[in-house]
């Protein structure tokens with residue numbers, strides 16, 4: 000009888016292990032047990048690993064990031080596709096696309112702000128300074144300084160503008176230009192365009208994301224070696240919607256990360272996937288050698 004019981008236990012363990020074959024590569028601890036963390040939720044963080052001296056980072060004049068999103072990206076999702084988040088000469092920054100942009104900043108034209116979340120848009124932010132003098136918003140955009148709508152951001156400058164985006168492939172570029180005295184550093188100007196094919200674009204297809212000043216000690220800015228691409232849920236349509244209900248409605252999405260480019264030199268994704276605890280869903284990470292990309296499947 001003991002022999003039979005032992006065999007049954009071994010059979011059960013074998014079947015349990017086999018059932019896990021092909022399951023998502025990474026799960027978020029705690030979320031399945033009903034311990035969801037408060038918003039925002041980082042659905043996935045991809046930490047790039049660039050070669051070079053970690054003390055200085057990589058110098059550049061033009062930085063390009065190409066990311067593709069498959070799946071839902073609609074108003075009301077409060078979904079943030081952060082193309083890149085890192086440091087430039089020690090100054091934190093990020094830029095990307097949001098489905099629900101908050102309209103609460105200072106406009107160059109002095110236009111009215113609604114103080115509400117509106118439709119999709121483009122965001123470009125940096126930390127360590129909150130003086131609007133160090134920001135040049137695009138003509139139809141605005142700059143947000145620390146206030147009630149940015150309680151956790153600290154000393155920041157955030158450029159925002161409407162941008163009608165949806166699922167697809169996008170190329171972001173940061174261009175450096177010297178700052179005028181008395182400033183010592185560079186202005187970094189952001190622009191973005193959709194990519195329907197590798198060489199399918201015209202100059203008119205670029206959308207201006209504005210410029211932010213970054214202090215530097217040398218003429219060219221330096222990017223740290225471990226910037227992050229992430230996807231985030233940063234809000235919900237109503238406070239009456241529970242976190243559990245929100246988690247149950249998350250759609251399936253996928254991100255494809257293309258090589259980062261610094262001054263035209265490509266650096267294929269060679270980093271690590273991080274999945275914060277207490278966040279719903281799973282992530283499958285698949286390197287695609289053919290086009291030197293990595294695909295991240297966000298599974299609810």
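Numbering (the working numbering), first residue to last: 0 to 299.
Using N, Cα and C, we set each Cβ at its ideal position, and we do this for glycine too.
(1) Find the nearest neighbour of residue 227 within the set 47, 35 and 36, judged by alpha-carbon distance.
(2) Could you say which of 75, 41, 58 and 164 lies nearest to residue 238 if we only look at CA atoms?
(3) So is residue 263 buried or exposed if we call it buried at 16+ other beta carbons inside 10 Å?
(4) Please report the distance separating the alpha-carbon of residue 253 from that of residue 35.
(5) For residue 132, count neighbouring Cβ atoms within 10 angstroms of its own Cβ and tell me buried if that reaches 16, exposed if not.
(6) Is residue 81 closer than 8 angstroms to residue 260 when the C-beta atoms are compared?
(7) For residue 140, which residues in the same chain have their Cβ closer than 7 angstroms to its Cβ, ignoring the five residues on either side in sequence?
(8) Can you tell which of 243, 169 and 123 has the C-alpha that lies nearest to the C-alpha of residue 84?
(9) For the alpha helix (DSSP H) containing residue 247, list its first residue and its last residue.
(10) Since residue 132 sits in a beta bridge, which residues does DSSP pair it with?
(11) Please confirm if the region 208 to 225 is in contact with the region 172 to 182, defined as three or more CB-CB distances below 8 angstroms between the two stretches.
(12) Please go through the same chain and pick out, in chain order, the residues whose beta-carbon is closer than 6 angstroms to the beta-carbon of residue 137, but skip the five residues on each side of it.
(13) Short of 6 angstroms in beta carbon distance, which residues of its chain neighbour residue 58, apart from the five on each side in sequence? Order them along the chain.
(14) Find the nearest neighbour of residue 217 within the set 63, 55 and 38, judged by alpha-carbon distance.
(15) When DSSP labels each residue in this structure, what does residue 333 get in the three-state scheme?
(16) Can you tell me whether residue 175 is helix, strand or coil according to DSSP?
(17) Report yes if the CB atom of residue 63 is closer than 8 angstroms to the CB atom of residue 170, and no otherwise.
(18) Is the closest heavy atom of the ligand MG to the C-beta of residue 73 under 7 angstroms?
(19) Using 8 angstroms for Cβ pairs, my map puts residue 270 next to residue 45. What's the rounded Cβ distance?
Taking the structure as given:
(1) For this step, residue 227 is matched to residue 228 along the chain shown. Measuring from the Cα of residue 227, the nearest candidate turns out to be 47.
(2) Residue 238 sits at position 239 when you count from the first residue of the chain shown. It is 75 whose Cα lies nearest to the Cα of residue 238.
(3) Reading the chain shown from its first residue, position 264 is the one you call residue 263. Counting of Cβ neighbours within 10 angstroms places residue 263 among the exposed residues, the total staying below 16.
(4) For this step, residue 253 is matched to residue 254 along the chain shown. For this step, residue 35 is matched to residue 36 along the chain shown. Using only the alpha carbons, I get a separation of about 22 angstroms.
(5) Here residue 132 refers to the residue found at position 133 of the chain shown. Its Cβ having fewer than 16 others within 10 Å, residue 132 is exposed.
(6) Residue numbering aside, residue 260 sits at position 261 when the chain shown is read from its first letter. Residue numbering aside, residue 81 sits at position 82 when the chain shown is read from its first letter. The Cβ atoms of residue 260 and residue 81 do not sit closer than 8 angstroms to each other.
(7) What you label residue 140 is simply residue 141 of the chain shown in a count that begins at 1. Only 158, 159, 160 and 209 meet the Cβ criterion.
(8) On the chain shown, residue 84 is found 85 positions in, with the first residue counted as 1. Checked all of 243, 169 and 123; the closest Cα to residue 84 is 123.
(9) Taking the first residue of the chain shown as position 1, residue 247 is located at position 248. For residue 247, the enclosing alpha helix (DSSP H) covers residues 242 to 247.
(10) Translated into the one-based positions of the chain shown, residue 132 becomes position 133. Answer is none; residue 132 lacks a bridge partner.
(11) Taking one beta carbon from each stretch, the region 208 to 225 and the region 172 to 182 have 3 or more pairs nearer than 8 angstroms; the two touch.
(12) Along the chain shown, read from residue 1 onward, the residue named residue 137 stands at position 138. Excluding sequence positions up to five before and after residue 137, its CB lies within less than 6 angstroms of the CB of 160, 207 and 209, all in the same chain and listed in chain order.
(13) For the purposes of this step, residue 58 is taken as the residue at position 59 of the chain shown. Excluding sequence neighbours, residue 58 sits near 219 and 221.
(14) Taking the first residue of the chain shown as 1, we reach residue 217 at position 218. The candidate whose alpha carbon is nearest that of residue 217 is 55.
(15) For the chain, the structure presents residues 0 to 299; residue 333 sits outside this window and is missing.
(16) Counting from one through the chain shown, the residue named residue 175 turns up at place 176. It is a strand residue.
(17) Translated into positions along the chain shown, residue 63 becomes position 64. Translated into positions along the chain shown, residue 170 becomes position 171. Taking a C-beta distance under 8 angstroms as the contact criterion, residue 63 and residue 170 qualify as a contact pair.
(18) As far as ligands go, the structure on display features none, and thus does not contain the ligand MG.
(19) Taking the first residue of the chain shown as 1, we reach residue 270 at position 271. Taking the first residue of the chain shown as 1, we reach residue 45 at position 46. Their Cβ separation, rounded to whole angstroms, is 6 angstroms, which keeps residue 270 and residue 45 in contact under 8 angstroms.
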